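One structure below.
There are 2 protein chains.
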Amino acid sequence: MITTGDIVNKLSRHGYRLTPQRLMILDAVDGADDHISTDEIYMQVCDQYPHLNISTVYRTLELLKELGLVTETDLGDGRVRYHSIKKGHHHHLVCHKCGQTIDMDESVLSPLKAALSRDYDFDAELSHLAIFGICKNCR
Amino acid sequence: MITTGDIVNKLSRHGYRLTPQRLMILDAVDGADDHISTDEIYMQVCDQYPHLNISTVYRTLELLKELGLVTETDLGDGRVRYHSIKKGHHHHLVCHKCGQTIDMDESVLSPLKAALSRDYDFDAELSHLAIFGICKNCR
DNA sequence: ATTGCAGATGCAAGGGGTTGCATCTGCAAT
DNA sequence: ATTGCAGATGCAACCCCTTGCATCTGCAAT
Chain A
1 MITTGDIVNK
11 LSRHGYRLTP
21 QRLMILDAVD
31 GADDHISTDE
41 IYMQVCDQYP
51 HLNISTVYRT
61 LELLKELGLV
71 TETDLGDGRV
81 RYHSIKKGHH
91 HHLVCHKCGQ
101 TIDMDESVLS
111 PLKAALSRDY
121 DFDAELSHLA
131 IFGICKNCR
Chain B
1001 MITTGDIVNK
1011 LSRHGYRLTP
1021 QRLMILDAVD
1031 GADDHISTDE
1041 IYMQVCDQYP
1051 HLNISTVYRT
1061 LELLKELGLV
1071 TETDLGDGRV
1081 RYHSIKKGHH
1091 HHLVCHKCGQ
1101 TIDMDESVLS
1111 PLKAALSRDY
1121 DFDAELSHLA
1131 IFGICKNCR
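Those protein sequence lines, which keep their order, are chains A and B. Sequential numbering from 1 applies to the first sequence in the working numbering. Sequential numbering from 1001 applies to the second sequence in the working numbering.
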């Protein structure tokens, strides 16, 4: 379990400060059942604290991503979505026809990561990838 | 070589029409040395035909992509780029630190495509992918 | 408890891209 | 050569997101 104290430490170690906005935004991501979009986070936090500005939400999510507290995924619906690191890594297969998203095991990408490292000396960041295509029902 | 006649046929077969705007936009993509961004296309075509609207450029590129005449790549610089199909498929490794993009051979992705088809019955569209990470100089 | 200040926020303007709608036009039928 | 009309365009408004800047504040040093 990550406590508020842990977050304070993680932030201060990088020269950042804990603000109520950051705490509320992180709570919103952690508390979400599924991947949550920026404006869902914004609206949710605004219920408690209406003065919040949307740009703070974007900047905070960028920071939380940098600190490894949340991961970001582009599911192709025109808005990026966030997910607590507590809920583990996984990837997505997104169907272009029906829009369905299928969770994909991380292991499928391991050979690719290894090949890129071997052949191109490139350290790929594949922490939360979405791959587009056609699902079995739509093929 | 693809002629204007070929394009007319390809369009009409799908119930679309050939317009001067479409022809000029396709010419701009075909004539570009490298991946060209939407507003580069817009500015280039505007030189010949100033009445052109930017939304026509977006809609036309969407159509050309659908018809397989151009491919689209997101190189992570905040704008999508286009590339003529005539110049072949390839993928990109984009370094988060220095911004360099490395061309990657298509064959690296074949095992992934096969695995997704086998394990998930999912037909992945990996025609012009960008993978983010850290390049050898920045590791 | 005060103070100082770098880091954080709110605000407003701007950038890339999309969309609804009225008008226009390619093109097939006549 | 005309006509009809679905498809295409231009326009304006909008959406998601980012950025510059003035103000505010967490928090460490005193």
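The C-beta atom is built at its ideal place from N, Cα and C for all residues, glycine as well. Since the structure is predicted, the reported quantities are computational estimates derived from the model, not experimental observations.
Listed by position along chain A, the residues whose Cβ is nearer than 8 angstroms to that of H1096 of chain B are E125. The beta carbon of V45 of chain A lies closer than 7 angstroms to those of M24, I25, A28 and L52 in the same chain, with the five residues before and after it left out.
The DSSP-derived three-state label of M1 of chain A is coil. Between R17 of chain A and the set A:A130, A:I36, A:T60 and A:L116, the nearest pair of CA atoms involves A:T60.
DSSP, read as helix, strand or coil, puts D119 of chain A in helix.
The three-state secondary structure of A1130 of chain B, taken from DSSP, is strand. The beta carbon of R139 of chain A falls within 8 angstroms of a beta carbon belonging to chain B, placing the residue at that interface. Ranking B:L1063, B:K1086 and B:Q1100 by CA distance to the CA of D1077 of chain B puts B:Q1100 first. DSSP assignment within the region 26-54 of chain A yields the following whole alpha helix (DSSP H) runs of 4 residues or more, N-terminal first: 38-48.
Of the other Cβ atoms in all chains shown, fewer than 16 fall within 10 Å of the Cβ of H89 of chain A; this residue is therefore exposed. In this structure, E72 of chain A and H128 of chain A form a Cβ contact; the two beta carbons are roughly 6 angstroms apart against a cut-off of 8 angstroms. Shortest Cα-Cα distance from D1121 of chain B to any of A:L63, A:E66 and A:R139 involves A:R139.
Across the region 41-63 of chain A, no CB contact with chain B closer than 7 angstroms is found for any residue.
Residue contact with chain B for A130 of chain A: absent (no Cβ-Cβ distance below 8 angstroms to any residue of chain B).
Against chain A, the CB of V1108 of chain B has a partner CB under 8 angstroms away; the residue lies at that interface.
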